[in-house]
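These notes concern the structure reproduced below.
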Amino acid sequence: MSNEELIIKVLAEEGNMRKAAERLFLSQPALSQRLQTIEKDWGQQLFIRSQKGLSPTPAGELVIQYANETIQRKEEVFEVLHTLTSKVHGTLKIACATIIGQNWLPKVLKDFVTLYPEAKIQLITGWSSEIVRALYDGEAHIGIVRGHTDWKGPKLHLFKDTLYLVDKEIRSLEELLQTERPFIQFKSDSTYYEEIQQWWQKHFASNPKRQITVDQIETCKQMAVNGIGYAILPSITLTGTEDVHMMPLTNDEEELELTRDTWLIGYESAFQLRQVEAFVDIVKKHATLLR
Numbered sequence: 064m065s066n067e068e069l070i071i072k073v074l075a076e077e078g079n080m081r082k083a084a085e086r087l088f089l090s091q092p093a094l095s096q097r098l099q100t101i102e103k104d105w106g107q108q109l110f111i112r113s114q115k116g117l118s119p120t121p122a123g124e125l126v127i128q129y130a131n132e133t134i135q136r137k138e139e140v141f142e143v144l145h146t147l148t149s150k151v152h153g154t155l156k157i158a159c160a161t162i163i164g165q166n167w168l169p170k171v172l173k174d175f176v177t178l179y180p181e182a183k184i185q186l187i188t189g190w191s192s193e194i195v196r197a198l199y200d201g202e203a204h205i206g207i208v209r210g211h212t213d214w215k216g217p218k219l220h221l222f223k224d225t226l227y228l229v230d231k232e233i234r235s236l237e238e239l240l241q242t243e244r245p246f247i248q249f250k251s252d253s254t255y256y257e258e259i260q261q262w263w264q265k266h267f268a269s270n271p272k273r274q275i276t277v278d279q280i281e282t283c284k285q286m287a288v289n290g291i292g293y294a295i296l297p298s299i300t301l302t303g304t305e306d307v308h309m310m311p312l313t314n315d316e317e318e319l320e321l322t323r324d325t326w327l328i329g330y331e332s333a334f335q336l337r338q339v340e341a342f343v344d345i346v347k348k349h350a351t352l353l354r
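Below, the structure is given as structure tokens:
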């Protein structure tokens with residue numbers, strides 16, 4: 064059955080019951096009955112029947128205008144719905160480890176907003192435990208965390224970056240036992256601090272002679288770059304332009320093995336969202352460059 068607005072539109076365009084019935088794939092008696100029902104619903108005669116065909120009444124002209132506008136609006140909505148399925152819209156909610164949010168994610172987001180300008184982004188940064196909590200609480204679609212993760216849902220390994228000992232003066236790891244320079248470390252709720260302690264104990268018989276603890280990794284880096292002491296920093300924080308000596312804490316024999324993994328995590332339902340799918344594709348391309 065044809066809908067009411069389409070029947071009125073076709074009757075107005077054809078001005079003839081027979082031709083209108085043919086377009087609507089209805090018999091003339093069935094179309095006449097539908098028109099009577101429509102006019103009864105509106106409480107007005109919409110068309111005058113004559114030997115010359117159908118002529119709209121003043122009331123009919125108003126209803127014809129309404130029918131045309133309704134059909135046009137429906138078509139516009141269908142176009143928007145099609146666009147929603149073929150383009151990336153909506154809000155992408157990301158919870159990201161601070162170090163990634165500062166040093167790696169901006170390049171990823173630049174590509175994302177360039178390709179999908181109609182999408183919106185909400186970004187939360189913090190410690191990895193805070194990222195997981197944001198996912199549990201529904202504050203983020205996906206999370207990017209560092210180090211070991213116990214996440215039971217879908218997770219994608221992005222990259223492993225080497226940790227470096229960074230200092231203005233020290234040129235080799237052997238100098239660490241003799242130096243009076245302080246070891247600068249930053250606070251973290253993850254296993255980062257513990258992993259560094261275990262690595263140190265594995266390779267040295269005693270603790271650093273002097274230590275300084277700061278609250279942010281960027282502060283730690285700037286203190287090392289400015290010659291206050293030495294630090295152990297992941298490669299993702301180092302551009303290569305820093306005027307310091309950089310000693311990787313890993314080699315082919317894994318005698319000095321200290322690296323840091325980065326993971327993309329989230330719930331299965333979130334990975335099915337168009338904006339998340341698009342973001343993950345870009346993330347994978349950027350992560351490949353670091354492997």
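Going left to right, the sequence shown walks through residues 64 to 354 as the working numbering numbers them. Where is the CB? At the ideal position from N, CA and C, for every residue including glycine.
By how many angstroms is the C-alpha of residue j removed from the C-alpha of residue i?
i, j, result
"LEU69", "ARG209", "59 Å"
"VAL176", "THR325", "22 Å"
"PRO271", "VAL339", "44 Å"
"ALA268", "LEU239", "11 Å"
"GLN99", "ARG112", "12 Å"
"TRP173", "GLU124", "According to the sequence shown, residue 173 is Lys rather than Trp. Their backbone Cα atoms lie some 53 Å apart in a straight line."
"GLU305", "ILE345", "28 Å"
"ASP200", "ASP224", "29 Å"
"HIS211", "GLU132", "58 Å"
"GLN335", "GLY116", "55 Å"
"LEU352", "ILE163", "15 Å"
"HIS308", "GLU331", "44 Å"
"SER90", "GLU139", "30 Å"
"ILE194", "ARG323", "17 Å"
"GLN261", "LEU178", "44 Å"
"ARG234", "LEU228", "9 Å"
"GLN114", "PRO92", "17 Å"
"LYS231", "ALA287", "7 Å"
"GLU77", "ALA84", "10 Å"
"TYR255", "ARG136", "57 Å"
Assuming residue i is part of the beta strand (DSSP E), what are its boundary residues?
i, result
"VAL229", "218 to 230"
"ALA158", "154 to 160"
"HIS308", "308 to 311"
"VAL208", "205 to 209"
"GLN248", "246 to 249"
"TRP214", "Element bounds for TRP214: n/a, residue is neither H nor E."
Can you list, in chain order, the residues of its chain whose CB lies under 8 Å from that of residue i, leaving out five sequence neighbours each side?
i, result
"ILE127", "ILE71, LYS72, ALA75, LEU109, PRO119"
"ALA122", "TRP105, GLN107, GLN108, LEU109"
"GLU281", "GLN165, THR300"
"GLU181", "LYS150, VAL151, HIS152"
"CYS283", "ILE247, GLN248, PHE249, VAL277, ALA294, LEU296"
"ILE291", "PRO245, ILE247, ILE275"
Over what stretch of residues does the alpha helix (DSSP H) that includes residue i continue unbroken?
i, result
"ALA84", "80 to 87"
"ARG337", "337 to 351"
"ILE280", "280 to 288"
"SER298", "Note, SER298: premise wrong, no alpha helix (DSSP H); not H, not E."
"GLU331", "331 to 334"
Excluding the 5 residues preceding and the 5 following residue i in the sequence, name in chain order all residues of the same chain whose CB lies nearer than 6 Å to its CB.
i, result
"ILE350", "Note that residue 350 is Ala in the sequence shown here, rather than Ile. The residues are LEU221, PHE222."
"LEU198", "GLY206"
"SER65", "Any reading at SER65 must be qualified, since the residue scores a pLDDT of 49, below 50, and its modelled position is unreliable; the value itself is stated next. LEU87."
"ILE101", "GLU67"
"ILE259", "ILE295"
Residues in the same chain with beta-carbon distance under 7 Å from residue i, minus the five sequence neighbours each way, listed in chain order, please.
i, result
"ALA203", "LYS156, ILE157, ALA158, ILE187, ALA197"
"GLY216", "ILE328, GLY329, TYR330, GLU331"
"GLY189", "THR161"
"ALA333", "HIS204, ILE205, VAL339"
Practice task
Ignoring anything shorter than 3 residues or poking outside the region 65 to 136, list the beta strand (DSSP E) runs there in chain order.
Solution key: With a minimum length of 3 residues, the continuous beta strand (DSSP E) runs that stay inside the region 65 to 136 are 110 to 113, 116 to 119.
Exercise for the section: State whether the region 232 to 252 contacts the region 290 to 300, with contact taken as three or more CB pairs (one from each stretch) at a distance under 8 Å. Expected result: Of all C-beta pairs linking the region 232 to 252 to the region 290 to 300, three or more are shorter than 8 Å, placing the two stretches in contact.
Exercise for the section: Run through the region 253 to 277 for me and flag every whole alpha helix (DSSP H) of 4 or more residues, listed as ranges in chain order. Expected result: Within the region 253 to 277, the complete alpha helix (DSSP H) runs of at least 4 residues are 255 to 266.
Handout entry: beta strand (DSSP E) segments (min. 3 residues) lying fully within the region 164 to 201
Key = Fully enclosed beta strand (DSSP E) runs of 3 or longer: 183 to 189.
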